[in-house]
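Protein chains in written order, with the numbering used here: chain P, 1 to 386; chain H, 387 to 466; chain A, 467 to 741.
Below is one structure, written out as C-alpha cells, with a few remarks after it.
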Amino acid sequence: MNKLKGNIKLLQGNEACVEGAILAGVRFFAGYPITPSSEIAEGMARRLPRLGGKFVQMEDEIASMAAVIGASVVGLKSLTATSGPGMCLKQENLGFAITNEIPCVVVNAQRGGPSTGLPTKPSQGDMMQARWGTHGDHPIIALAPSTVNEILTLTIKAFNFSEKYRIPVILLLDEVIAHMREKVEIPAPEDVEIVNRKKPTIPPEEYLPFKPDEDGIPPMANFGEGYRYHITGLIHNYKGLPTSNSQEIDAFIRRLHNKIQKNIKDILIYEEYLLEDADTALIAYGSVVRAAERTVKLARKEGLKVGLLKLLTIWPFCFEEVNRLAQQVDLIIVPEMNLGQIVLEVERAAQGKCRVVPYGRVDGELINPIEILGKVQEEKNNEDCN
Amino acid sequence: MKQKKILEVYQNNLVKISVRREWCKSCGICIEFCPKDVLVPDDQGKPIPKNIDACIKCGLCELRCPDFAITVEGVEGKDE
Amino acid sequence: MKTVIDSYIREEMFPHIWCPGCGNGIVLGAIIRAIDDLKWDKDKIVAVSGIGCSSRITGYVDFCTMNTIHGRALPFATGIKMANPDLKVIVVMGDGDCSAIGGNHFIHAARRNIDLTAIIINNMIYGMTGGQYSPLTPTGKFGSTAPYGNIDQSFDLVELATAAGASYVARGTVYNPRQSASLIKKALDKKGFSVVEIISDCPVSYGKMNKMKSPVDMLKWIKDIAVSKKVWEGLSPDEKKEKYAVGEFLNKDRPDYTARYKEIIKKAQEMGGNK
Chain P
1 MNKLKGNIKL LQGNEACVEG AILAGVRFFA GYPITPSSEI AEGMARRLPR LGGKFVQMED
61 EIASMAAVIG ASVVGLKSLT ATSGPGMCLK QENLGFAITN EIPCVVVNAQ RGGPSTGLPT
121 KPSQGDMMQA RWGTHGDHPI IALAPSTVNE ILTLTIKAFN FSEKYRIPVI LLLDEVIAHM
181 REKVEIPAPE DVEIVNRKKP TIPPEEYLPF KPDEDGIPPM ANFGEGYRYH ITGLIHNYKG
241 LPTSNSQEID AFIRRLHNKI QKNIKDILIY EEYLLEDADT ALIAYGSVVR AAERTVKLAR
301 KEGLKVGLLK LLTIWPFCFE EVNRLAQQVD LIIVPEMNLG QIVLEVERAA QGKCRVVPYG
361 RVDGELINPI EILGKVQEEK NNEDCN
Chain H
387 MKQKKILEVY QNNLVKISVR REWCKSCGIC IEFCPKDVLV PDDQGKPIPK NIDACIKCGL
447 CELRCPDFAI TVEGVEGKDE
Chain A
467 MKTVIDSYIR EEMFPHIWCP GCGNGIVLGA IIRAIDDLKW DKDKIVAVSG IGCSSRITGY
527 VDFCTMNTIH GRALPFATGI KMANPDLKVI VVMGDGDCSA IGGNHFIHAA RRNIDLTAII
587 INNMIYGMTG GQYSPLTPTG KFGSTAPYGN IDQSFDLVEL ATAAGASYVA RGTVYNPRQS
647 ASLIKKALDK KGFSVVEIIS DCPVSYGKMN KMKSPVDMLK WIKDIAVSKK VWEGLSPDEK
707 KEKYAVGEFL NKDRPDYTAR YKEIIKKAQE MGGNK
C-alpha cells in the first residue's frame with residue numbers, strides 16, 4: 001500500500017464509504033433506509049449539511065435514485081446507497097442515467113437473497129444484476145472493494161469514473177465489509193486525485209448536449225448555467241431530442257458502449273498476487289479476496305504454486321487479463337458467495353485454455369481460507385488422477 | 387429540418403387573424419367556440435375568418451387552440 | 467410576427483405529436499402564457515415530466531427540460547430543486563403518471579412542501595397506451611380495460627394534495643384556458659408545493675369510449691361538468707358525482723423544504739465537528 005500523509009482511523013466499511021465520497025466531492029445524497037447500507041445514509045445526513053451539501057431521505061428507493069439523477073444534472077456529485085431489494089427498485093432509473101450519461105454513484109451493500117433473503121448476512125449474489133439489472137443493451141462500471149481501506153479509495157474512484165465517463169458507477173460491497181471495522185488511511189484532500197465532468201467550452205447556441213468529443217464523451221452542461229437543453233429517456237440525437245432515425249440510434253447505442261470499451265485500460269483495476277510462477281490461480285473479489293489471499297499463503301507453505309488475481313473492477317470485465325492467465329495456468333478456481341456468477345465470465349475469457357472451476361457458498365457465511373485450500377487440493381488431485 | 391411556416395393572414399381595419407395551416411389539425415375547437423361565429427371551416431376543416439368584421443378580439447380561439455395555429459391581434463395603430 | 471408562444475417553444479419540434487383537439491396543447495399554451503406573465507429568466511426554469519402523452523410537453527419548451535420515467539417526475543424534480551433552490555422547477559404529469567404509479571411521490575412532495583409546481587393534465591385516461599382506465603377515471607365511465615364500466619372510485623386530487631400538505635391547490639379546465647393560465651401563474655409564483663389540476667380532453671381514447679366523438683363534444687362536456695366552487699357547494703351529493711369544482715382551493719404560507727434545509731445547513735455548520 002502506498003504511504004499516505006493522511007491520518008489513520010478505525011472505520012466501519014460504510015463510514016469509509018462516506019469519507020471517500022466526501023473526499024471525492026459528493027454534495028448530494030438521497031436514500032431510503034435498508035440494511036446493511038443505512039450507515040452510509042446516516043453519515044451523509046450528518047456530514048453533508050456541514051459542507052453546504054444536501055441530504056434527503058426519500059419516500060422510497062426509486063425516488064432516491066431519481067433525486068440523485070436530478071441533483072447530478074444540476075451539477076452536484078451525487079450518491080445513493082442501498083442493498084439488493086432496493087437495487088431492484090433503482091434499476092429503471094439507473095437505465096435513465098445510463099442513457100442520458102448522468103454521473104452518479106450507487107452503492108449496493110450486498111446481502112443474501114433472493115427477496116428479503118438474509119438482510120444481515122453477506123452475499124455476492126448481485127454481480128450479474130450489477131451488469132444486467134436494468135433493461136436494454138447498456139454498459140456499466142462496477143467496482144468491488146475487499147477491505148475497508150479499499151472502500152474509501154474505490155468510492156473516490158467510482159466518483160472519478162462516473163464524472164469522467166458520464167456513467168453511473170455501482171460500488172459493490174457486501175454485508176461483511178460494509179459492517180466490519182478496519183484501519184483506514186484517510187488521505188489529505190490535496191493528495192486525492194479528483195476528476196470533474198467535462199463542461200462545454202462553446203457558447204450555448206452552439207452546444208449540442210449529446211455530441212461526443214473525440215473521446216466519445218459529450219461535455220456536460222449543468223442545468224441552470226445558461227445552456228438550455230432536453231434530457232429524455234427516449235433514444236436521442238445530438239440535440240437531446242427524440243429520434244427514430246436508425247443510423248442515429250445505432251450510433252448512439254454503440255457510442256455508449258464504446259466510450260467504456262475504448263477506455264477499458266483506464267477503468268480496469270486489479271491486483272496480482274504471487275501469479276508469476278503459479279500453475280493454479282484463484283480469481284476473487286470483495287470480501288472473498290481476504291480468504292483467498294490467506295489460501296495462497298497456506299498453499300505456498302505446502303509447496304503448491306497458487307496465486308491470486310484480485311478483481312477490483314468487476315464491470316467491464318478484464319477479459320484479456322484472464323485470457324492471458326488462462327494460457328499460463330492449468331487451473332483457475334473462482335470462489336464467490338454465489339453459485340457461479342463471475343466464474344461464467346472467467347470461463348468465457350479463458351476460452352478453454354485451462355480448467356475453470358467454481359466454488360460457491362450461499363449459506364450466509366463467509367468463505368474461509370481452509371475450504372478454498374481444500375478445493376485447490378481436491379482439484380489438483382483430480383488433475384493427477386486424469 | 388425547420389418546418390416552413392405557412393401563414394394565412396386575414397385582416398380588416400381592426401383585427402388581424404393569422405392561421406398557421408401546417409400546424410392546424412382541424413380539430414374544430416376554434417370554430418365551434420368562437421362567441422361571434424367569426425370562423426368557418428374550409429374543405430380541410432381548417433378555420434377561415436369568413437365573418438372577420440364580427441371579431442371582438444377576445445382571443446379565445448388562440449388560447450384554446452391546442453396547436454398554436456391561430457392568432458388574433460389588433461391592427462397596429464387601431465388597437466385599444 | 468412572433469407570438470408569445472413562439473418565443474418559448476422549440477419550433478423544430480412542431481407540429482407536435484398530439485392528436486387533433488388534444489388538451490395537452492391548450493395546457494402547454496396556458497403554462498407558457500403564465501411564465502411569460504411572470505417574466506422569468508428562461509435559463510433558470512427547469513421543466514420535468516414523466517411518461518405519457520402529456521409528458522411530451524417538456525420536449526416542446528425551450529427551458530432546461532427533462533422527460534424522465536413513468537411516475538417519477540416529482541422525485542427527479544426534488545433532486546433538482548434541492549441541488550439548486552434558485553431554479554424554478556415545473557413538473558408536468560398526466561393523471562396516471564401522477565396519481566397511480568407516481569401517487570406516492572405526489573403525496574410526499576406535498577408533505578415536504580418542496581417548492582415545485584405540479585401541473586396535472588387530467589384527461590381521466592391512459593391516452594398513450596390506448597385508453598386504459600386511470601385512478602382519475604370517474605366511476606361508471608369506460609376504458610379499454612374497463613369495457614363494462616369502471617368500478618373504481620376515483621381520487622379527488624384537490625383533496626389529496628390538500629390533505630398531504632401542499633401550499634397551493636387549484637383546478638382548471640382546458641375549456642377555460644384563461645382561468646387555467648391564471649391559476650398556473652399563481653401556482654408558479656407560490657413558494658412551496660403548488661398543484662394545479664387541469665381537466666383535459668382525450669378525444670381519441672376517452673371520448674371515443676364514452677360517447678363523445680369529437681374534440682368539440684369533449685370540450686362541451688368539460689364545460690358542463692366544471693362548476694365554480696360556489697355552485698359546487700350548493701350541489702347535492704348525487705349531483706356532485708357528475709361535477710368538478712373549479713378554482714382555487716388552498717393558498718397558504720408555510721416554509722418550503724429548501725428553506726427549512728437551509729436552516730439545517732446553518733445549524734450543522736454552527737455545531738461543527740467532523741465525525
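The beta carbon of each residue, even a glycine, is placed where N, CA and C say it ideally should be.
Counterpart residues of residue 355 (chain P) in DSSP-defined beta bridges: P:331
Helix, strand or coil at residue 532 (chain A) according to DSSP, with G and I counted as helix: strand
Simplified DSSP state of residue 273 (chain P), which is helix, strand or coil: strand
field: For residue 288 (chain P), the first and last residue of its enclosing alpha helix (DSSP H)
entry: 288–301
Any C-beta of chain P under 8 angstroms from that of residue 559 (chain A): no
- request: Report yes if the CB atom of residue 67 (chain P) is closer than 8 angstroms to the CB atom of residue 724 (chain A), and no otherwise.
  value: no
task: Report the rounded CA-to-CA distance for residue 271 (chain P) versus residue 325 (chain P), giving the unit in angstroms.
output: 13 angstroms
message: Buried or exposed, going by whether 16 or more other CB atoms sit within 10 Å of the CB of residue 431 (chain H)?
response: By the neighbour-count rule (16 or more Cβ atoms within 10 Å), residue 431 (chain H) is not buried but exposed.
message: Using beta carbons (cut-off 8 angstroms, strictly below), is residue 4 (chain P) in contact with chain A?
response: Residue placement at residue 4 (chain P) cannot be trusted, given a pLDDT of 47 that sits under 50; what the coordinates show is reported in the next sentence. No, no contact with chain A.
message: Counting only beta-carbon separations shorter than 8 angstroms, does residue 738 (chain A) have a partner in chain H?
response: no
Rounded separation between residue 395 (chain H) and residue 423 (chain H) - CA only: The alpha-carbon separation between residue 395 (chain H) and residue 423 (chain H) amounts to approximately 18 angstroms.
Cβ neighbours of residue 524 (chain A) in the same chain (closer than 8 angstroms, five flanking residues each side left out): 513, 514, 515, 531, 532, 533 and 558
query: Should residue 484 (chain A) be flagged as near chain H, meaning a C-beta pair shorter than 8 angstroms?
result: yes
query: DSSP on residue 204 (chain P), reduced to helix/strand/coil?
result: helix
message: Contact criterion: CB-CB distance below 8 angstroms. Does residue 443 (chain H) meet it with respect to chain A?
response: no
message: With a threshold of 8 angstroms between beta carbons, is residue 387 (chain P) in contact with chain A?
response: Absent from the model: residue 387 (chain P). The displayed extent of chain P is 1 to 386, so no value can be given.
message: At the 8 angstroms Cβ level, is residue 447 (chain H) part of the contact set with chain A, yes or no?
response: no
Sequence-distant residues of the same chain with beta carbon closer than 8 angstroms to residue 390 (chain H), five excluded per side: Note that residue 390 (chain H) scores 49 on pLDDT, short of 50, meaning its location in the model is unreliable and no value can be drawn from it.
message: Quick check for students: name the residue ranges of the alpha helix (DSSP H) that lie wholly in the region 541–617 of chain A, counting only runs of 4 or more.
response: 569–578
message: Is there a Cβ of chain A sitting closer than 8 angstroms to that of residue 403 (chain H), yes or no?
response: no
Assumed close pair residue 259 (chain P), residue 216 (chain P) - CB separation to whole angstroms, cut-off 8 angstroms: 4 angstroms
- prompt: residue 257 (chain P) by DSSP, collapsed to three states: which one?
  reply: helix
- prompt: Are the CB atoms of residue 209 (chain P) and residue 291 (chain P) nearer to each other than 8 angstroms?
  reply: no
The region 79–91 of chain P in contact with the region 47–65 of chain P per 3-pair CB rule at 8 angstroms: yes
field: Beta carbon of residue 372 (chain P) nearer than 8 angstroms to that of residue 316 (chain P)
entry: no
- prompt: Can you name the residues that DSSP bridges to residue 308 (chain P)?
  reply: P:273 and P:282
- prompt: In three-state DSSP terms, what is residue 392 (chain H)?
  reply: coil
field: Same chain, Cβ closer than 6 angstroms to residue 647 (chain A), neighbours up to 5 away in sequence not counted
entry: 496, 499 and 500
task: May I have a chain-ordered list of the alpha helix (DSSP H) segments no shorter than 4 residues that lie completely inside the region 153–191 of chain P?
output: 175–179
task: Would you check if the region 14–32 of chain P and the region 144–154 of chain P touch, i.e. whether three or more CB-CB distances between them fall below 8 angstroms?
output: yes
- request: Within the same chain, show all residues whose beta-carbon is closer than 8 angstroms to that of residue 411 (chain H), passing over the 5 residues directly before and after it, in chain order.
  value: 452, 453 and 455
- prompt: Taking 8 angstroms as the CB-CB limit, is residue 452 (chain H) close to chain A?
  reply: yes
- prompt: Going along the region 673–690 of chain A in order, which residues come within less than 7 angstroms of chain H, judged by CB to CB distance?
  reply: 680, 681, 682 and 685
- prompt: In angstroms, rounded to a whole number, what distance separates the CA positions of residue 107 (chain P) and residue 36 (chain P)?
  reply: 11 angstroms
message: Looking at chain A, is there any beta carbon in it that lies within less than 8 angstroms of the beta carbon of residue 456 (chain H)?
response: no
field: Beta bridge counterpart(s) of residue 315 (chain P) as assigned by DSSP
entry: P:142
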